[in-house]
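Below is one structure; the comments refer to it alone.
There are 2 protein chains.
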Amino acid sequence: MAENQRIVLAARPQGMPDESHLKLESAPMPEPADGQVLLRTIYLSLDPYMRGRMSAAKSYAQSVEVGSVMEGGTVCEVVESHSPDWQAGDLALAHTGWQAYAAVNPKGLKRLNPDDAPISTAVGVLGMPGFTAYVGMVEHGRPQKGETVVVSAASGAVGQVVGQLAQHWGCRAVGVAGGPDKCRFVTESMGFDACVDHRSPTFEQDLAAACPNGVDIYWENVGGKVQAAVLPLLNEFARIPVCGLIAHYNETGAPDGPDKLSGFMRHILTKRLTVRGFIQFDHADRRGEFFKTVAPLVKSGELKYRNDVVQGLENAVSAFQGLLTGKNFGKLLVQVGDDPTQ
Amino acid sequence: MAENQRIVLAARPQGMPDESHLKLESAPMPEPADGQVLLRTIYLSLDPYMRGRMSAAKSYAQSVEVGSVMEGGTVCEVVESHSPDWQAGDLALAHTGWQAYAAVNPKGLKRLNPDDAPISTAVGVLGMPGFTAYVGMVEHGRPQKGETVVVSAASGAVGQVVGQLAQHWGCRAVGVAGGPDKCRFVTESMGFDACVDHRSPTFEQDLAAACPNGVDIYWENVGGKVQAAVLPLLNEFARIPVCGLIAHYNETGAPDGPDKLSGFMRHILTKRLTVRGFIQFDHADRRGEFFKTVAPLVKSGELKYRNDVVQGLENAVSAFQGLLTGKNFGKLLVQVGDDPTQ
Chain A
1 MAENQRIVLA ARPQGMPDES HLKLESAPMP EPADGQVLLR TIYLSLDPYM RGRMSAAKSY
61 AQSVEVGSVM EGGTVCEVVE SHSPDWQAGD LALAHTGWQA YAAVNPKGLK RLNPDDAPIS
121 TAVGVLGMPG FTAYVGMVEH GRPQKGETVV VSAASGAVGQ VVGQLAQHWG CRAVGVAGGP
181 DKCRFVTESM GFDACVDHRS PTFEQDLAAA CPNGVDIYWE NVGGKVQAAV LPLLNEFARI
241 PVCGLIAHYN ETGAPDGPDK LSGFMRHILT KRLTVRGFIQ FDHADRRGEF FKTVAPLVKS
301 GELKYRNDVV QGLENAVSAF QGLLTGKNFG KLLVQVGDDP TQ
Chain B
1 MAENQRIVLA ARPQGMPDES HLKLESAPMP EPADGQVLLR TIYLSLDPYM RGRMSAAKSY
61 AQSVEVGSVM EGGTVCEVVE SHSPDWQAGD LALAHTGWQA YAAVNPKGLK RLNPDDAPIS
121 TAVGVLGMPG FTAYVGMVEH GRPQKGETVV VSAASGAVGQ VVGQLAQHWG CRAVGVAGGP
181 DKCRFVTESM GFDACVDHRS PTFEQDLAAA CPNGVDIYWE NVGGKVQAAV LPLLNEFARI
241 PVCGLIAHYN ETGAPDGPDK LSGFMRHILT KRLTVRGFIQ FDHADRRGEF FKTVAPLVKS
301 GELKYRNDVV QGLENAVSAF QGLLTGKNFG KLLVQVGDDP TQ
């Protein structure tokens with residue numbers, strides 16, 4: 001226990017980040033001050049929003065400073081406690097970032113009980129991605145029985161939950177994913193009504209065929225050509241909760257033309273669409289309701305999920321690159337240290 | 001009274017419509033059947049939505065058939081009645097289109113009393129354009145005291161009402177209009193807090209200077225470069241009611257690049273914007289409430305308006321071209337026949 005391992009933002013990436021921007025380094029083991037706890041990272045959650053934090057562009061949250069540890073949600077074990085509320089061996093949801101150890105004030109920690117659910121779900125289906133799916137649907141998607149919901153990035157951490165919740169509420173769930181393996185997973189393992197491969201040369205026709213009654217909710221995780229294929233299928237009064245735009249995160253300027261913005265605006269006007277961006281943390285007041293609704297569905301097995309676990313902090317950068325190019329398969333986690341519950 | 005004069009859609013325009021698409025022709029005087037009334041057109045309302053009706057593209061309303069009279073709202077006088085409810089000399093709001101006379105079933109007519117308000121207001125500030133402004137603001141803009149509202153096409157039929165209603169509800173109203181004359185009119189005659197000329201080489205800076213606290217509501221009437229200048233000024237949780245896109249109505253395909261769509265989507269996501277298309281007729285249940293709210297403001301003079309009246313049906317096509325290129329100045333009307341109240 002002599003050294004900490006951590007990944008710091010060494011430089012702001014233009015385009016795809018790599019090891020020159022995200023540097024693995026050794027650092028002295030952090031020492032918990034009075035009232036603090038020393039945490040050992042078990043799982044680090046990798047999420048698309050992190051690309052935004054690497055950039056200096058103005059956004060909804062502060063950028064990570066160059067030279068600082070990359071931020072991120074983590075599942076941790078308390079290894080040393082100077083706080084009366086925590087003991088060594090306790091498990092917690094934290095936000096300690098891309099590193100093996102951190103000394104933190106325990107105020108922001110959430111205690112985890114492995115008997116309730118596997119601890120990795122705290123950064124997945126029962127954590128931020130699951131809550132994102134839930135709150136985006138109830139606040140912005142507003143599904144009505146019998147409607148058709150198209151979910152982009154359907155095999156990802158958020159998408160897999162969106163489609164299953166849509167079905168739970170009586171909707172037809174149509175996923176969009178990259179490649180036949182992911183599509184099979186989305187229909188066979190996650191139980192979506194259909195899933196369409198956006199890499200297929202017949203993608204647009206396949207999507208139209210999967211949505212015989214048009215599209216009432218388009219869950220936007222990606223942008224780009226998936227959005228373009230959905231637009232003509234949208235029904236009047238359709239809703240587009242804008243959760244992510246992963247196809248565009250590495251863009252360094254406006255892409256080449258033609259300019260598709262005015263066509264998009266026409267769809268909005270003539271079909272009276274509602275397009276709404278949202279971030280889960282604006283809706284923190286619904287977290288309790290989310291947990292009450294979704295935890296039982298997970299426990300009963302009605303709501304399924306898949307984690308994609310990469311071993312070792314040294315593989316975090318390539319795993320994150322894979323996330324931005326659609327290589328992950330389910331919720332992407334890095335296992336940084338042993339999981340004592342397994 | 002031997003002949004009717006009318007303008008028919010002779011061909012679907014690609015780009016700007018002209019006399020080859022909108023043909024003035026003589027036709028037999030229509031004869032009212034039993035139960036019908038013969039109407040003489042006093043005012044024909046010219047509105048941007050009519051460009052959409054000339055096109056075969058799928059939209060929220062049916063296209064006008066080639067060979068049919070162009071549709072449009074009208075203020076008419078009953079000249080012959082075969083209905084017990086109407087008498088010659090009665091005045092009515094109708095939808096008889098671009099023609100001097102029409103025989104219609106009176107069921108869809110709304111009786112007008114010239115003592116309540118000038119009859120031309122029935123297709124203007126107290127008619128469809130005024131209602132569009134009202135319902136777009138209360139349903140979609142949702143103005144809060146102290147917010148900043150930017151109104152594109154501010155000197156037009158809808159824009160002039162949007163800004164004044166915004167002020168009535170405690171907001172700062174900033175207009176955008178084409179040329180110094182219109183801008184002066186918007187501030188001096190309509191009383192907006194500021195108005196910015198989109199033809200000025202310093203337009204973007206001028207707009208930013210007029211919105212020191214950012215923009216909370218952007219009333220979208222135009223699209224194009226006005227929208228592009230507003231986007232960086234939008235505050236978090238800003239709303240964009242999409243009422244029209246006049247900069248794009250004559251486009252025959254996607255414009256040249258760069259492609260600004262992904263940049264627009266990023267603003268939506270990171271600022272959690274709500275962009276919502278709407279058409280006033282979806283909200284017909286609020287017409288009574290609109291009239292009760294706005295008619296007294298018009299009567300008292302708090303809410304001002306300006307009509308731009310062109311004389312003669314033979315000038316309707318050039319007036320409509322002017323509407324699409326920003327030449328009108330206030331609510332555009334064609335006076336087709338004598339106004340007996342003047």
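Going line by line, the protein sequences match chains A and B.
Following UniProt numbering, the numbering of the first sequence begins with 1 at its first residue and continues without gaps.
Following UniProt numbering, the numbering of the second sequence begins with 1 at its first residue and continues without gaps.
Every residue gets a Cβ at the ideal spot worked out from N, C-alpha and C, and that includes glycine.
Please read these numbers as outputs of a predicted model, since none were measured by experiment.
- Task: Provide the residue(s) that pair with A:A177 in DSSP beta bridges, ordered along the chain.
- Result: Position 177 of the first sequence, counted from the first residue, corresponds to residue 177 of chain A. According to DSSP, A:A177 shares a beta bridge with A:D197.
- Looking at B:Q87 and B:T41, is the spacing between their C-beta atoms short of 8 Å? On the second sequence, residue 41 of chain B is found 41 positions in, with the first residue counted as 1. On the second sequence, residue 87 of chain B is found 87 positions in, with the first residue counted as 1. No. Outside cutoff.
- Message: Residues in the same chain with beta-carbon distance under 7 Å from A:D275, minus the five sequence neighbours each way, listed in chain order, please.
- Response: Residue 275 of chain A sits at position 275 when you count from the first residue of the first sequence. Reading the sequence as shown, one finds Val at residue 275 of chain A and not Asp. So the list reads I240, V242 and I268, once near-sequence residues are dropped.
- Assumed close pair B:P48, B:Y305 - CB separation to whole angstroms, cut-off 8 Å: Reading the second sequence from its first residue, position 48 is the one you call residue 48 of chain B. Reading the second sequence from its first residue, position 305 is the one you call residue 305 of chain B. The Cβ separation is near 17 Å, so there is no contact.
- Item | B:E77, DSSP secondary structure in three states | Sequence index remark: in the second sequence, residue 77 of chain B carries index 77 (1-based). Of the three classes helix, strand and coil, the one that applies to B:E77 here is strand, per DSSP.
- Query: Taking the alpha helix (DSSP H) that B:G277 falls in, what are its first and last residues?
  - Reply: To locate residue 277 of chain B, count along the second sequence from 1; it is residue 277. Premise fails: B:G277 lies in the beta strand (DSSP E), T274 to G277, not in any alpha helix (DSSP H).
- Query: What are the start and end residues of the alpha helix (DSSP H) that includes B:S318?
  - Reply: Position 318 of the second sequence, counted from the first residue, corresponds to residue 318 of chain B. Residues A316 to L324.
- Alpha-carbon spacing of B:L273 relative to B:E236, whole angstroms: Within the second sequence, residue 273 of chain B is the residue found at index 273, counting from 1. Within the second sequence, residue 236 of chain B is the residue found at index 236, counting from 1. The straight-line gap from Cα to Cα measures roughly 7 Å.
- Where B:A254 meets chain A, residues with beta-carbon distance less than 8 Å: Residue mapping note: residue 254 of chain B aligns to position 254 of the second sequence, counting from 1. Ordered by position in chain A, the residues that pass the 8 Å Cβ test against B:A254 are G257, P258, D259, K260, S262 and G263.
- Task: Along the alpha helix (DSSP H) that carries B:I119, what are the first and last residues, could you check?
- Result: In the second sequence, the residue the question calls residue 119 of chain B occupies position 119. Run containing B:I119: none; DSSP gives neither H nor E here.
- Nearest CA to the CA of B:L165: which residue from B:V149, B:C211 and B:L24? Position 165 of the second sequence holds residue 165 of chain B. Nearest C-alpha to B:L165 among B:V149, B:C211 and B:L24: B:V149.
- A:L324 versus A:S155: straight-line alpha-carbon distance, rounded: Reading the first sequence from its first residue, position 324 is the one you call residue 324 of chain A. Reading the first sequence from its first residue, position 155 is the one you call residue 155 of chain A. When only Cα atoms are considered, A:L324 and A:S155 end up about 14 Å apart.
- Item | chain B within 8 Å of A:L245, Cβ atoms only | Along the first sequence, read from residue 1 onward, the residue named residue 245 of chain A stands at position 245. It does: the Cβ of A:L245 has a partner Cβ on chain B nearer than 8 Å.
- Between the CA atoms of A:E77 and A:Q342 - distance to the nearest angstrom: What you label residue 342 of chain A is simply residue 342 of the first sequence in a count that begins at 1. What you label residue 77 of chain A is simply residue 77 of the first sequence in a count that begins at 1. Their Cα atoms are separated by approximately 13 Å.
- Message: Against chain A, does B:G179 count as a neighbour if the rule is that its beta carbon must be under 8 Å from one of theirs?
- Response: Here residue 179 of chain B corresponds to residue number 179 of the second sequence, with the count starting at 1. Chain A, which has no Cβ nearer than 8 Å to the Cβ of B:G179, makes this no.
- Does the stretch 130-149 of chain A come close enough to the stretch 289-301 of chain A that 3 or more CB-CB pairs lie under 8 Å? Counting Cβ pairs under 8 Å, three or more are found: they touch.
- According to the Cβ coordinates, are B:F320 and B:M50 closer than 8 Å? Along the second sequence, read from residue 1 onward, the residue named residue 320 of chain B stands at position 320. Along the second sequence, read from residue 1 onward, the residue named residue 50 of chain B stands at position 50. In contact: B:F320 and B:M50 (Cβ atoms closer than 8 Å).
- Query: A:G322 to A:N328, Cα distance in whole Å?
  - Reply: Numbered from its first residue, the first sequence carries residue 322 of chain A at position 322. Numbered from its first residue, the first sequence carries residue 328 of chain A at position 328. Each residue's alpha carbon lies about 6 Å from the other.
- Query: So what's B:T270 in DSSP terms, helix, strand or just coil?
  - Reply: Your numbering for residue 270 of chain B matches position 270 in the second sequence. In the structure shown, B:T270 sits in a helix (DSSP, three-state: H, G or I).
- Item | B:Y101: first and last residue of the uninterrupted alpha helix (DSSP H) it sits in | Along the second sequence, one-based indexing puts residue 101 of chain B at 101. If you look at B:Y101, you'll find it isn't in any alpha helix (DSSP H); it sits in the beta strand (DSSP E) that goes Y101 to V104.
- Inter-residue Cα distance where the pair is B:T118 and A:A229: In the second sequence, counting from the first residue as 1, residue 118 of chain B sits at position 118. In the first sequence, counting from the first residue as 1, residue 229 of chain A sits at position 229. Checking the sequence shown, residue 118 of chain B turns out to be Pro, not Thr. Those two C-alpha atoms are separated by around 49 Å.
- Task: Have a look at A:E302 and A:S45 and give me their C-alpha separation to the nearest angstrom.
- Result: Within the first sequence, residue 302 of chain A is the residue found at index 302, counting from 1. Within the first sequence, residue 45 of chain A is the residue found at index 45, counting from 1. Going by the C-alpha atoms only, they are around 24 Å apart.
- Task: Mind reading off the beta-carbon distance from A:M234 to A:K271? Whole number of angstroms is fine, and I expect it under 8 Å.
- Result: Residue mapping note: residue 234 of chain A aligns to position 234 of the first sequence, counting from 1. Residue mapping note: residue 271 of chain A aligns to position 271 of the first sequence, counting from 1. According to the sequence shown, residue 234 of chain A is Leu rather than Met. Sure, about 6 Å apart at Cβ, within 8 Å.
- Tell me whether B:V66 is buried or exposed, calling it buried when 16 or more other Cβ atoms sit within 10 Å of its Cβ. Counting from 1 along the second sequence, the entry for residue 66 of chain B is found at position 66. Label assigned to B:V66: exposed.
- Query: At what residues does the beta strand (DSSP E) containing A:R40 begin and finish?
  - Reply: As a position in the first sequence, residue 40 of chain A is number 40, starting the count at 1. That run of the beta strand (DSSP E) goes V37 to S45.
- Who are the near neighbours of A:G277 in its chain, counting only those whose CB is closer than 6 Å to its CB and skipping five residues on each side? Taking the first sequence and counting its residues from 1, one reaches residue 277 of chain A at position 277. The answer, listed in chain order, is V242.
- Would you list the residues sitting across from A:D308 in a DSSP beta bridge? To locate residue 308 of chain A, count along the first sequence from 1; it is residue 308. Per DSSP, A:L332.
- In chain order, what residues of the same chain have a beta carbon less than 8 Å from the beta carbon of A:L126, not counting five sequence neighbours either side? Working through the first sequence from its first residue, we reach residue 126 of chain A at position 126. So the list reads A117, F291, V294, A295 and V298, once near-sequence residues are dropped.
- Query: In three-state DSSP terms, what is B:A166?
  - Reply: Taking the first residue of the second sequence as 1, we reach residue 166 of chain B at position 166. DSSP places B:A166 in helix when its eight states are reduced to three.
- Report the neighbours of B:I268 on chain A: residues whose CB is nearer than 7 Å to its CB, in chain order. In the second sequence, counting from the first residue as 1, residue 268 of chain B sits at position 268. Those are V242, V275 and G277, listed as they occur along chain A.
- Item | Endpoints, alpha helix (DSSP H) assigned at A:A61 | Translated into positions along the first sequence, residue 61 of chain A becomes position 61. Neither: A:A61 is in no alpha helix (DSSP H) and is coded neither H nor E.
- Query: What does B:S59 touch in chain A if you count any residue whose Cβ is under 8 Å from its own?
  - Reply: To locate residue 59 of chain B, count along the second sequence from 1; it is residue 59. The answer, in chain order, is T270.
- Task: Work out the CA separation of B:V104 and B:L39 for me, nearest whole Å.
- Result: As a working mapping, residue 39 of chain B is identified with position 39 in the second sequence. As a working mapping, residue 104 of chain B is identified with position 104 in the second sequence. Near 8 Å, if we compare the C-alpha coordinates of B:V104 and B:L39.
- Query: Which ranges would you report for the beta strand (DSSP E) in the stretch 195-243 of chain B if only whole runs of at least 3 residues count?
  - Reply: DSSP runs (the beta strand (DSSP E)) wholly in the stretch 195-243 of chain B: 215-219 and 234-242.
- Which one or two residues does DSSP pair with B:V149 in a beta bridge? Here residue 149 of chain B is taken as the residue at index 149 of the second sequence, counted from 1. In DSSP, B:V149 forms a bridge with B:A173 and B:I217.
- What is the rounded straight-line gap between the Cα of A:T202 and the Cα of A:N213? Taking the first residue of the first sequence as 1, we reach residue 202 of chain A at position 202. Taking the first residue of the first sequence as 1, we reach residue 213 of chain A at position 213. A:T202 and A:N213: Cα-Cα distance of roughly 19 Å.
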